[in-house]
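Per the working numbering: the sequence shown = residues 1 to 94.
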Amino acid sequence: MPKKKTVDSKPTWLKTTLAPNLLERSDYCIFHKPDKTEEESKIFTEKLREKLENKDYDFFGYHFPGQVNFERQVFENSVDFRETTFRGHTNFTA
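Now the structure itself:
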């Protein structure tokens, strides 16, 4: 009997977008992984800080763990939060 093929249900962009941030033993990068461990959440925060410093505001499909504080954050370019999930309180106060 031939071996049954499995279908990968995860979209290709999850595997190819931000490849340098891919997690070991995961099809997700640190930004798109839905349920992060405490350690992964710390890495997420560090990488997010780097993105903000580089004025990279593409957050398409991100899963933000816990509380997020964008208080007084000036977005100097277009910001993309399409299909983004916030798991906790998010502050966008100016």
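Cβ atoms here follow ideal geometry from the backbone N, Cα and C, with glycine treated the same way.
Report yes if the CB atom of T84 is closer than 7 Å to the CB atom of Y57, and no otherwise. no
For H32, count neighbouring Cβ atoms within 10 angstroms of its own Cβ and tell me buried if that reaches 16, exposed if not. buried
For a quick check, are the C-beta atoms of F81 and F59 less than 7 Å apart? Yes, the pair counts as a contact, with Cβ atoms nearer than the cut-off.
Taking the straight line between their C-alpha atoms, what separation do you get for E53 and V68? 16 Å
Quick one: residues in its chain with C-beta nearer than 7 Å to the C-beta of E110, no 5 flanking neighbours on either side, listed in chain order? In the structure as shown, the chain starts at 1 and stops at 94, and residue 110 therefore has no counterpart that could be examined.
Classification of F34 by the beta-carbon crowding that lies within 10 angstroms, buried from 16 upward: The sequence as given places Pro at residue 34; Phe does not occur at that position. Counting Cβ neighbours within 10 Å, P34 comes out exposed, since fewer than 16 surround it.
Take the Cβ of F75 as the centre, count every other Cβ of all protein chains shown within 10 Å, and call the residue buried at 16 or more, exposed below. exposed
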